[in-house]
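Q: The sequence shown runs contiguously to residue 359 in my numbering.
For every residue, glycine included, the Cβ atom is placed at its ideal position computed from N, Cα and C.
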Amino acid sequence: MGSTIEDSCIFCKIAHKKIDAKIIDENENAIAFLDAFPLTSGHTLVVPKRHYEKLQDIEFDQVSPLFRLVHKLSAHIENGTGVNSTLIAIHNGKDAGQEIPHLHVHIVPRKPGDGGGSIHSMFHSSPRLD
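(1) If we count Cβ pairs, one from each stretch, closer than 8 Å, do we get three or more for the stretch 248-257 versus the stretch 313-329?
(2) Kindly indicate which residue of L274, K246, T233 has the alpha-carbon position closest to the one of N333.
(3) Starting from L316, follow its DSSP beta bridges and name the residues at the other end.
(4) Opposite D254 in the DSSP bridges: which residues?
(5) I want to know whether the stretch 336-354 touches the stretch 267-286 - three or more CB-CB distances under 8 Å.
(6) Give every residue of the same chain whose Cβ lies closer than 6 Å to the Cβ of L298, excluding the five residues on either side of it in the sequence, and list them in chain order.
(7) Where G238 and G322 are concerned, what is the direct C-alpha to C-alpha distance, given to the nearest angstrom?
(8) With DSSP collapsed to three states, give me the class of T310.
(9) Apart from the five residues on each side of it in sequence, which residues of its chain come closer than 6 Å, Cβ to Cβ, to I234?
(10) To the nearest angstrom, how far is the alpha carbon of K278 from that of C241?
(11) Could you check where the alpha helix (DSSP H) with K242 kicks off and where it finishes?
(12) At the level of alpha carbons, what is the spacing between D236 and R357?
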């Protein structure tokens, strides 16, 4: 038998519990775990259990379980880390900063003075709208 993407994808391995991770919660189609290289305390990733590279690749019936878990955990992460805000982000493809080619949603606790900025702070210039 040949190797599949699921055999080499680290997020697939975590989703199928073939490697250890600090799992926070899961539902039938998605799993949440602490980021191995967190930007802040409580930085969590939520991934579909099936392999999809980008948001537009995921089957429509898989979107709801993924974002249901994001929705459920956001308040718990804020409460647990003592913050009032979270950054919820998807890097949708390599050119957008996606490092692992498996769809994942970041939930990053944010507080004043943490060094992070708005999405506009990620870019040095913006196009003129005519």
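A: In short:
(1) no
(2) The question names Asn, but residue 333 is His in the sequence shown. Of L274, K246, T233, the residue nearest in Cα terms is L274.
(3) V337
(4) A261
(5) yes
(6) N256, A259, A261, V275
(7) The question names Gly, but residue 238 is Cys in the sequence shown. Their backbone Cα atoms lie some 15 Å apart in a straight line.
(8) helix
(9) H280
(10) 7 Å
(11) 239-244
(12) 45 Å
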